[in-house]
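Since the structure comes first, as structure tokens, the remarks are kept for the end.
There are 2 protein chains.
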Amino acid sequence: MAAPYGGMTSPRNPPGAPRVGMVGGGQLARMTCQAAIALGAGFRVLAGSSSDSAARVWADTSLGDYRDAATLTAFAAGCDVLTFDHEHIPGDLLRQVPPSTAIRPAPEALRYTQDKLAMRDRLTAMGIRCPRYAAVRSLADVTKFGFPAVLKAVSGGYDGKGVWVCRDEAEAAPVVAYGIDLLAEELVRFSRELAVVAARSPHNQGAVYPIVETVQVDGICREVIAPAPGLDKEIAVKAQALALRIAAELEVTGLLAVELFETRDGLLVNELAMRPHNTAHWTIDGARTSQFEQHLRAVLDLPLGSTAATAQVTVMANVLGGTGDEWEIFDRYIHVMAADPGVKIHMYGKEPLPGRKIGHVTVCGTDVADVRGRARRAASYLRWGSEEGE
Amino acid sequence: MAAPYGGMTSPRNPPGAPRVGMVGGGQLARMTCQAAIALGAGFRVLAGSSSDSAARVWADTSLGDYRDAATLTAFAAGCDVLTFDHEHIPGDLLRQVPPSTAIRPAPEALRYTQDKLAMRDRLTAMGIRCPRYAAVRSLADVTKFGFPAVLKAVSGGYDGKGVWVCRDEAEAAPVVAYGIDLLAEELVRFSRELAVVAARSPHNQGAVYPIVETVQVDGICREVIAPAPGLDKEIAVKAQALALRIAAELEVTGLLAVELFETRDGLLVNELAMRPHNTAHWTIDGARTSQFEQHLRAVLDLPLGSTAATAQVTVMANVLGGTGDEWEIFDRYIHVMAADPGVKIHMYGKEPLPGRKIGHVTVCGTDVADVRGRARRAASYLRWGSEEGE
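Top to bottom, those sequences are chains A and B.
Sequential numbering of the first sequence, starting at 653, is according to the working numbering.
Sequential numbering of the second sequence, starting at 653, is according to the working numbering.
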């Protein structure tokens, strides 16, 4: 029987296993390594540095700058499928990759994660509700839009970076003066933030995880509660259908994360991502199929895995760098593990710069308040060496 | 604050994280890699070949022959803790490792997995019931012991290798003629085989997983059912206590697996292992803490994790090499994943030689017959390309 994929082999790669290459060596790539180990898939990482999260652990890591066309193309040539742990790879570069390597998601889909204006226009054309928005080319455009205005970089923002809440012209003027492409959005009065992660395969199979509640602090996701407590069932089903519809219409292959605002008038789409997403880290410990395995299955065009939750309640809390003392984190394990043998710790092998996401913890259980408290205490202790650090 | 461990760093190793080195690059090391990724522990592998299961995936892999003292000592020098994915490392070699590297389990404990006669003598001295046994130096010793006799190599056997069931002198004679150290054991009439895996840390903390039923075919573990269906609760607790007691008395650090025969007269100890064990692979998908994480925690002297099962029933079925066609396995994923989105596949990146353990599947659920059927069908299809291949 013929090999199902290109059939190139490497000493790292089991013969016959298709090879997925992931551009980016951060924690998303690192956790995808765990899934690649189980699947026995050939998995390659293109990392910027040997100290990147995934590069620290993964044998088949290439070091190089993904913004260099020759580097990207050479990396892609060793892969059957190319995928991503971030969304910063310019479409122009991806279009230079020879067609013998499948790009999943394709640059045409990725565009909607790279250009917020294109994303807003496309979703609006699909009849999907978004915050009110307008393109901004001058301070006058912002004034015309009205205040308060949330100014966002059209490209390149993440984790609260590239987002400015402006109450008046004085606050907007310096942002406009950066000279970057901007859009203005209304400041949405939401009751809470939700997120939904779906997967879609090239065969157009879809699968969607339960809706989660996300808690953001300063634009950084701090906690995820799965499923979103007390969410109206009808709204939950609608949100799942919404994610599947966006994935299908944008022809996403792999994961699609949709961040949502829950308001009195219903759900608004905040952001899209097409990769494993912080709001689905809980699936490693709390769902039958982790999002990382699901992403690999989707980009390999394998049948998708069960998205069923395995616990009544799962809470994920991000661990941020706190004291910056590199020795402390591992010492703190002793306290956290002794205090709660059920806490699952996931560290990313990153230098614990203050405020940087360096890991996460997950707790599964039955009572939201209990599980959330346990996750918070563990994350806080890992950050500060105290359960009351924040 | 001072580094809690030796404090040597490598580019692969996050500063401050202690480094565990595992001797052996098989599937047990490969699955320990997944746990090491989450813990952020420095983890190094000493593999015999670049095509070994763990060497295919793990960056910090050294290639070399563990039987060479210089190789072993050099590898150990780069680790805070040395541990093992198999039990074949001679104690004499381990005693040459400088004391700055902790050996867990220590050679004094490992000895009872390397010398079945020493194990039988020690357990018997502890008052623990074993099959009737005797050392064998000649055919006359076997005859004196009586037939049927199970002849076992004192050292080096595994997966049914090194075990001969002899009905008479004619069958025993060629085994004795091998000239290896042997013991004879009674052929135990057991109702089924059980196993229990415990962990012990240098601090003497113990933790034990639920008792499982194991199904062996031709001496190879084929299925594990967790927990063992219908097991008397009192017997289960006794078996757990037994494993913890053996771990404590033999001063095991890390995991201890105890294989048991269930008989009308109670439990008999069959074998011991001091490493992650096939009978606890189910814990990756079916317990709060996988055995691989537990082993790392134990050898790092971290508090042990919860051993609670996360599903009512979990069944693991080993995938053996079948047709030997290297291309087929990945193709077969399409069938298995489409037929049952809840099956968890774990492949080891090993060449699928007929009869060789090349992976396992796990299914979690509520009904033993249902879950077992699903696991069997998946494992059979991965082996033969058919659900009725065996």
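Just so it is clear, CB atoms sit at the ideal spot from N, CA and C, and this is done for glycine as well.
Limits of the alpha helix (DSSP H) - the one that residue 685 of chain B falls within
679 to 691
How many Å lie between residue 927 of chain A and residue 743 of chain A at the Cα?
16 Å
Does any residue of chain A bring its CB to less than 7 Å from the CB of residue 679 of chain B?
no
Would the segment 911 to 925 of chain B count as touching the segment 838 to 845 of chain B if we require 3 or more Cβ pairs under 8 Å?
yes
Mapping the DSSP letters down to three states, classify residue 991 of chain B as helix, strand or coil.
The answer is helix: DSSP assigns residue 991 of chain B an H, G or I state.
Starting from residue 1033 of chain A, follow the alpha helix (DSSP H) in both directions and report where the run begins and ends.
If you look at residue 1033 of chain A, you'll find it in the alpha helix (DSSP H) that goes 1020 to 1036.
If the criterion is Cβ atoms closer than 7 Å, does the pair residue 912 of chain B and residue 835 of chain B meet it?
no
Helix, strand or coil, according to DSSP, for residue 1014 of chain A in the structure here?
strand
If we cut at 7 Å on Cβ distances, does residue 964 of chain A have a partner in chain B?
no
Please state whether the Cβ-Cβ distance between residue 997 of chain B and residue 973 of chain B is less than 7 Å.
no
Among A:773, A:868 and A:732, whose alpha-carbon lies nearest the alpha-carbon of residue 786 of chain A?
A:773
Interface residues of the segment 754 to 784 of chain A facing chain B [CB-CB below 9 Å]
none
How about residue 968 of chain A: is its C-beta nearer than 7 Å to some C-beta of chain B?
no
Scan the segment 885 to 935 of chain B and note each continuous alpha helix (DSSP H) run of 4 residues or more that stays entirely inside, going in chain order.
885 to 901
If you follow the alpha helix (DSSP H) that residue 778 of chain B is part of, which residue opens it and which one closes it?
Unbroken run through residue 778 of chain B: none, as it is neither H nor E.
Assigned secondary structure, residue 660 of chain B (DSSP; H/G/I helix, E/B strand, else coil)
Confidence at residue 660 of chain B is low in this model, with a pLDDT of 36, below 50, so its placement is unreliable and the value that follows should be read with caution. It is coil, neither helix nor strand.
Cβ pair residue 988 of chain A, residue 1023 of chain A closer than 7 Å:
no
Just verifying my parser: in three-state terms, what is the DSSP assignment at residue 791 of chain B?
If DSSP states are grouped into helix, strand and coil, residue 791 of chain B belongs with the helices.
In three-state terms, what does DSSP make of residue 964 of chain A?
Coil, per DSSP.
Under 9 Å by beta carbon: chain A residues contacting residue 674 of chain B:
Within chain A, no residue comes near residue 674 of chain B; the closest Cβ sits about 14 Å away, beyond 9 Å.
Leaving out five residues before and five after residue 790 of chain B in sequence, what residues of the same chain have Cβ atoms less than 8 Å from its Cβ?
828
Hey, quick one: how far does the alpha helix (DSSP H) through residue 947 of chain A stretch, first residue to last?
943 to 951
Identify the contact partners of residue 947 of chain B in chain A, using a Cβ-Cβ distance below 8 Å as the criterion.
Here the premise fails: no neighbours, minimum Cβ distance about 14 Å.
Could you list which residues in chain B have their beta carbon closer than 8 Å to that of residue 863 of chain A, in chain order?
Within 8 Å Cβ-Cβ: nothing; residue 863 of chain A doesn't reach chain B, min ~19 Å.
Taking CB distances under 7 Å as the criterion, tell me whether residue 651 of chain B reaches chain A.
A question about residue 651 of chain B goes unanswered here, because the residues of chain B that appear run from 653 up to 1042.
Distance, residue 982 of chain A Cα to residue 694 of chain B Cα
11 Å
Taking C-alpha atoms, which residue in A:727, A:721, A:1013 and A:777 lies nearest to residue 673 of chain A?
Between residue 673 of chain A and the set A:727, A:721, A:1013 and A:777, the nearest pair of CA atoms involves A:727.
Just grab the DSSP bridge partners of residue 999 of chain A for me.
A:1011
Report the option in A:765, A:814 and A:833 whose CA atom is closest to the CA atom of residue 793 of chain A.
A:833
Expressed to the nearest angstrom, what Euclidean distance is found between the alpha-carbon atoms of residue 798 of chain A and residue 999 of chain A?
43 Å
Contact set for residue 745 of chain A: own chain, Cβ-Cβ below 6 Å, skip 5 residues either direction
721 and 724
Test item: CB-CB of residue 677 of chain A and residue 704 of chain A under 7 Å
yes
Please classify residue 970 of chain A: is it buried, with 16 or more other beta-carbons within 10 angstroms of its beta-carbon, or exposed?
buried
Output needed for residue 980 of chain B: all residues of its chain with C-beta closer than 7 Å, excluding positions within five of it in sequence on either side, in chain order.
1037
Taking the Cβ atom as the reference point for each residue, do residue 706 of chain A and residue 697 of chain A lie within a distance shorter than 7 Å?
Inclusion of residue 706 of chain A and residue 697 of chain A in the CB contact set at 7 Å is warranted, their separation being smaller than that value.
Kindly list the residues whose CB is nearer than 7 Å to the CB of residue 669 of chain A, restricted to its own chain and excluding five residues on each side of it in sequence; keep chain order.
692, 693 and 694
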